Structures are given as structure tokens and as C-alpha cells.
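Below is one structure, written out as C-alpha cells; the observations come after it.
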Amino acid sequence: MRRVVVTGLGAVSPLGIGVEDFWLSLLGGRRAVGRSRRLAAMEFPVDCAAEIPEEALQRHASRLPRKQLKLYSRVALFAMIASAIAAEDAGLQNGAINPASYGVFLGTFFTTFPFSSFLEWMRESESEEEANVFEYRKANAHCMSSINPMDFSLKTMPNLTAGHIAIAHNAQGFCRVIADGCTGGLQAVGQAFLAVREGRLDIALCGGAEAPLEEFVFVNFCTMDFLARGVEPPESACRPFDAERKGAVLGEGAAMLILEEYEHAVKRGATIHGEVLGCGAAAGAVSPEGEPGEVSVADRIALAMKGALGAGDAAEVDLIMANGDSTRRDDLAETLAIRAVFGPRAEQIPISATKSMHGHLISASGPLELIACLKAIEDGLVPPTMNLINPDPRCDLDYVPNLARRVPNLRTGMVNAVGFFGESASLLAGKVRDD
């Protein structure tokens with residue numbers, strides 16, 4: 007069986023652009039969550055989020071072809087910058103690899119279109135005879151005469167973001183999008199891992215990107231019982247595993263990784279950040295504990311974790327990067343799943359929930375937390391779970407509250423992702439094993 011290693015890391019996050027800025031912010035417990043002036047001005051019922059400053063994005067846009075920038079949606083911009091950083095880190099910027107053995111796997115779920123364009127479309131489509139009545143004939147006429155179909159397609163089709171990445175990096179192998187909500191990015195990394203391990207590719211650029219703070223997407227989240235509301239101060243709104251947690255806080259960004267066959271990486275002298283050891287996934291469920299005879303969310307998370315472990319030994323896992331989204335259902339379900347998989351040893355494993363600092367990036371969360379996992383193993387430092395002041399007595403494991411912790415001899419970590427309907431994904435990674 008071929009071995010798969012990580013040779014490139016790229017992060018675009020509310021805590022910083024570039025892996026080092028992101029990592030140092032995590033270790034320092036910096037919280038990017040706060041009140042959004044833009045969302046507040048639009049009078050959404052929720053205005054707490056973790057945003058990426060525009061000036062930070064613009065500083066890194068120079069990595070991309072200037073003439074192409076107008077074609078990118080916000081999701082694509084995040085993904086392209088993160089991909090460029092990962093490729094540079096892996097030493098691939100000169101393209102010295104076989105393009106046919108180079109693939110792209112991207113997790114992304116939500117598409118966006120400029121809100122101003124939508125408002126204009128609605129105004130032009132209103133009936134002249136009756137106020138607030140939408141006329142499809144007028145709408146179609148307006149679209150045909152004023153909307154550039156290429157512009158619309160390039161900014162709203164999720165597979166186009168993966169296409170932009172593949173074109174920019176001359177990746178002529180598989181180009182796939184995993185549109186599975188909060189688990190999509192981690193599943194994309196898992197699919198890339200399998201493709202390289204099975205010999206279908208030698209190298210893959212993989213991860214997730216999401217822009218859930220765009221108006222069309224955010225308004226949908228406001229209708230769900232998912233986001234934290236009315237928490238003061240706003241930077242404490244995301245409280246994984248805390249008894250007073252009230253829901254998730256959305257963030258935005260992208261995280262991309264280069265996965266590579268081990269001998270291929272060694273031959274070209276690449277720096278190796280770690281080794282991917284396994285992946286697992288499970289379909290959705292309903293409740294954290296489940297009714298009699300019903301499969302629970304906890305069961306699904308446990309199934310994904312066992313899939314990632316494969317034939318490996320659970321005793322080797324010495325770090326868990328939790329989904330930890332600060333919802334009442336998922337935090338409890340994840341705690342139950344960890345206990346089910348690891349038994350009494352679950353209490354000895356440090357568990358970190360970094361969404362408390364960077365928010366929930368939906369498809370990008372899993373890959374971003376995988377980067378944090380690899381850095382934690384490399385440095386022997388586990389980032390904290392912030393805002394954990396009053397622990398939920400049912401969430402009774404070691405969540406590394408509020409301060410980073412030095413843990414020497416870390417070797418293997420697990421990353422979890424859980425979706426809106428209980429769909430789950432896990433990935434196992436660690437230090438490169440000796441031959």
C-alpha cells in the first residue's frame with residue numbers, strides 16, 4: 007500500500023492568511039469572532055461572525071493572475087489564495103511534476119451571487135399592475151439583456167472554483183467537488199488521500215473553501231436554529247462544550263493541502279509536514295443520543311472515527327481536533343462518540359475546539375483544523391478551546407480550556423467534522439512513520 011504524506015499547507019482564515027499567522031493566533035488564544043458592521047447594517051437578526059479583513063485579502067491577491075481576479079467569487083478568491091500558498095509551501099510553483107498525475111479535490115457547499123444584482127433583478131421584475139408581485143416574463147427579459155451568463159456561471163457554480171484551481175496549477179488529473187456541507191472539506195482530503203494511496207494520482211491539491219457570510223447564504227443560516235444569538239461580549243459567542251453554549255458562529259475562508267505519495271515527495275526533496283493515515287465518513291442521523299432503535303448522531307460520529315482508525319490502534323491517538331461547533335446537539339454527540347471509540351482512555355486525550363477562535367467555516371473547517379492538528383504534532387503544543395468557562399457536566403473530557411498546552415511526544419491526531427444532519431467525517435494524521 008502506498009503511503010501518503012502532506013507536503014504543502016495553505017490557510018486563509020479570520021485568524022490570519024498563511025499558516026504561521028494562523029497558528030500563532032491559535033496558540034495565543036486570539037478570537038476573531040466579533041460583531042460585524044456589515045451584517046449589522048443589513049439588519050440581520052444575527053450580526054456576530056468571524057470575518058477576514060479586506061485589506062488582508064488584497065495583500066495576498068498579488069499571488070493570483072490579475073486579469074483573472076474579476077472572474078472569482080469570494081469562495082474562489084479564498085480557495086485560490088490558499089492553493090497558491092500550499093503550492094508554494096510544497097515547492098510546486100515551478101510546475102515540475104507530471105500534470106496528469108496531479109488532481110484537485112475541493113469541499114464547498116454554498117454558491118454566491120452579488121446581492122446588489124439580485125435586488126436590481128427583483129426591482130426590474132415587479133409587476134406594473136400590482137405591487138410586490140413578481141413577473142417571470144419581466145425577470146427573464148431582464149436576465150437575458152443585462153446578466154452576463156459567463157459571469158453568472160463562473161461565480162455561482164461550485165465546480166468552477168475547483169476548475170479555477172486546476173487551471174492555475176496545471177492539474178490535469180481528477181478535478182472533483184464534494185458538496186456535503188460541514189464535512190465536505192475533510193471528505194475532499196479523504197478522497198484525495200485514497201486516490202494517491204491507490205495509485206490513481208501521485209499528488210493532490212485538496213481542502214475546502216466557503217463564504218457563508220455572503221448575504222444570500224447568511225440569511226439562510228439566520229432562519230435555522232444553528233447560530234448563537236444575543237451573547238455578550240460577542241467574542242465569547244462560540245463556546246464549545248460550555249454549559250451556556252447557544253450555537254455556532256460563522257466564519258469564512260479556505261484551507262488547502264498538498265498530499266503526495268511518499269517516495270514521490272522524497273525524490274523531489276519536499277518538506278514533509280506529516281502523514282495521512284486514514285479517513286472515515288458516515289451518513290446523517292437525527293438526535294445526539296437517539297430514540298430506542300434509532301441511529302444517533304453520536305453513533306454516526308463514532309462510525310466515522312472508527313473508519314479513520316481502520317485496522318489501527320485507538321491507543322495510538324494522542325490528540326483530537328474536535329468538530330466542537332458550540333451547538334447543544336453536536337458537542338454532546340461528539341463527547342459521547344469519543345467515549346464510545348476510546349473508552350476510559352478518552353479522558354486522557356487532549357481535545358481542542360478551535361472554532362471558538364476562527365468560527366465555523368463550513369466546508370473549510372475540517373481542513374483548517376487538520377492544518378492545526380499537523381502543527382500541534384510538529385510543535386508539541388495543543389491550541390486551546392476558548393470561552394470554556396462553565397463546562398457542561400455531560401461534556402466531561404479534557405478540552406484544553408482557554409490556554410494552549412505543551413504536550414510532548416505527540417505523534418497521531420484525529421480531526422472530526424459533523425454536518426447539519428449528523429453526517430460525519432474523520433481523518434487520522436500524524437508524524438511520518440519510520441520505514
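Taking the numbering used here as reference, the numbering of the sequence shown is continuous, increasing by one, and the terminal residue is 441.
We put the CB at the ideal spot given by N, CA and C, even for glycine.
Just so you know, these numbers come straight off a predicted model, no measurement behind them.
query: Distance, Cα to Cα, L265 vs G190?
result: The count along the sequence shown starts at 1 and reaches residue 265 at position 259. The count along the sequence shown starts at 1 and reaches residue 190 at position 184. In this structure, the CA atom of L265 is about 17 Å from the CA atom of G190.
query: Three-state secondary structure (DSSP) at P59?
result: Indexing the sequence shown from 1 puts residue 59 at position 53. Coil, per DSSP.
- request: Return the CA-CA distance between L367 and D385, expressed in angstroms with no decimal places.
  value: Stepping through the sequence shown from its first residue, residue 367 is reached at position 361. Stepping through the sequence shown from its first residue, residue 385 is reached at position 379. So the two alpha carbons sit approximately 24 Å from each other.
query: Taking C-alpha atoms, which residue in H279, A317, L342, G280 lies nearest to S302?
result: Within the sequence shown, the letter at position 296 stands for residue 302. When each option's Cα is compared against that of S302, the closest is L342.
task: Would you list, in sequence order, the uninterrupted alpha helix (DSSP H) runs of no fewer than 4 residues that lie entirely inside the segment 328-387?
output: If one requires a minimum length of 4 residues, the alpha helix (DSSP H) runs lying completely within the segment 328-387 are 334-348, 361-364, 371-385, in chain order.
task: Note down the Cα distance separating M86 from A137, rounded to an integer number of angstroms.
output: On the sequence shown, position 80 is the one that residue 86 refers to. On the sequence shown, position 131 is the one that residue 137 refers to. Roughly 43 Å separates the two Cα atoms.
query: For D248, which of K381, N393, Y268, S107 has the nearest alpha-carbon?
result: Taking the first residue of the sequence shown as 1, we reach residue 248 at position 242. The shortest Cα separation from D248 among K381, N393, Y268, S107 belongs to N393.
- prompt: Can you tell me whether G109 is buried or exposed, with buried defined as 16 or more other CB within 10 angstroms of its CB?
  reply: Here residue 109 refers to the residue found at position 103 of the sequence shown. G109 comes out buried.
Start-to-end residues for the alpha helix (DSSP H) that takes in F222: Here residue 222 corresponds to residue number 216 of the sequence shown, with the count starting at 1. It spans 221-228 - the alpha helix (DSSP H) in which F222 sits, taken as one unbroken run.
- request: Counting only the same chain and skipping the five closest in sequence on each side, list residues whose C-beta sits under 8 Å from that of D231.
  value: Along the sequence shown, one-based indexing puts residue 231 at 225. The residues are G253.
message: For N104, tell me which candidate among R206, D336, R129 has the shortest Cα-Cα distance.
response: Here residue 104 is taken as the residue at index 98 of the sequence shown, counted from 1. Among R206, D336, R129, the Cα nearest to that of N104 is on R206.
query: If G330 sits next to D337, beta carbons under 8 Å apart, how far is it from one beta carbon to the other, in whole angstroms?
result: To locate residue 330, count along the sequence shown from 1; it is residue 324. To locate residue 337, count along the sequence shown from 1; it is residue 331. Yes, G330 and D337 are in contact; Cβ-Cβ is about 6 Å, under 8 Å.
- prompt: In whole angstroms, what separates the C-alpha of V282 from that of P239?
  reply: By one-based count along the sequence shown, residue 282 stands at place 276. By one-based count along the sequence shown, residue 239 stands at place 233. Looking at the two C-alpha atoms, the distance is approximately 38 Å.
message: Could you tell me the alpha carbon to alpha carbon distance between D398 and P246, rounded to whole angstroms?
response: As a working mapping, residue 398 is identified with position 392 in the sequence shown. As a working mapping, residue 246 is identified with position 240 in the sequence shown. Their backbone Cα atoms lie some 9 Å apart in a straight line.
- request: Would you mind giving the Cβ-Cβ distance between S332 and T114, rounded to the nearest angstrom? I have them listed as a contact below 8 Å.
  value: Within the sequence shown, numbered from 1, the residue matching residue 332 stands at position 326. Within the sequence shown, numbered from 1, the residue matching residue 114 stands at position 108. Not a contact, Cβ separation roughly 22 Å.
- prompt: CB H270 to CB P20, shorter than 7 Å?
  reply: As a working mapping, residue 270 is identified with position 264 in the sequence shown. As a working mapping, residue 20 is identified with position 14 in the sequence shown. It is not a contact, given that the beta carbons lie outside the stated cut-off.
task: Answer with buried or exposed for Y415, where buried requires no fewer than 16 other C-beta atoms within 10 angstroms of its C-beta.
output: As a first step, residue 415 must be located in the sequence shown, where it is residue number 409. It should be noted that the sequence gives Asn, not Tyr, for residue 415. N415 should be labelled exposed.
Beta-bridge pairing of M420 - partner residues as DSSP gives them: In the sequence shown, the residue the question calls residue 420 occupies position 414. Paired residues: I326, L434.
- prompt: Any idea if I357 is buried or exposed, counting beta-carbon neighbours within 10 angstroms, 16 or more meaning buried?
  reply: Here residue 357 corresponds to residue number 351 of the sequence shown, with the count starting at 1. Buried is the call here.
message: Buried or exposed, going by whether 16 or more other CB atoms sit within 10 Å of the CB of D95?
response: If you number the sequence shown from 1, residue 95 lands on position 89. Under the 10 Å beta carbon count, D95 is surrounded by 16 or more other beta carbons and is classified as buried.
task: Only counting runs of 4 or more residues, tell me where the alpha helix (DSSP H) segments fall wholly within the segment 173-224, in order along the chain.
output: 190-203
Interface flag, P373 vs chain D, CB-CB below 7 Å: You won't find chain D in this structure, because it holds only one protein chain.
- prompt: What are the partner residues of G113, as DSSP defines its beta bridges?
  reply: Locating residue 113 in the sequence shown gives position 107, counting from the first residue. I184, G214.
field: Bridge partners - T167, DSSP secondary structure assignment
entry: The residue given as residue 167 occupies position 161 in the sequence shown. Answer is none; T167 lacks a bridge partner.
- prompt: With DSSP run on the structure shown, which of helix, strand or coil describes E269?
  reply: Here residue 269 is taken as the residue at index 263 of the sequence shown, counted from 1. Three-state DSSP puts E269 in a helix.
- prompt: With a Cβ-Cβ cutoff of 7 Å, do R37 and E241 count as a contact?
  reply: In the sequence shown, counting from the first residue as 1, residue 37 sits at position 31. In the sequence shown, counting from the first residue as 1, residue 241 sits at position 235. Going by C-beta atoms, R37 is nearer than 7 Å to E241.
message: Please identify the residue among P218, R334, A346, I326 whose C-alpha is closest to the C-alpha of V413.
response: Taking the sequence shown and counting its residues from 1, one reaches residue 413 at position 407. The shortest C-alpha separation from V413 is found at I326.
message: Distance check for L77 and P59, CA to CA, integer angstroms please.
response: The sequence position of residue 59 within the sequence shown is 53, counting from 1. The sequence position of residue 77 within the sequence shown is 71, counting from 1. Here the alpha carbon of P59 sits roughly 20 Å from the alpha carbon of L77.
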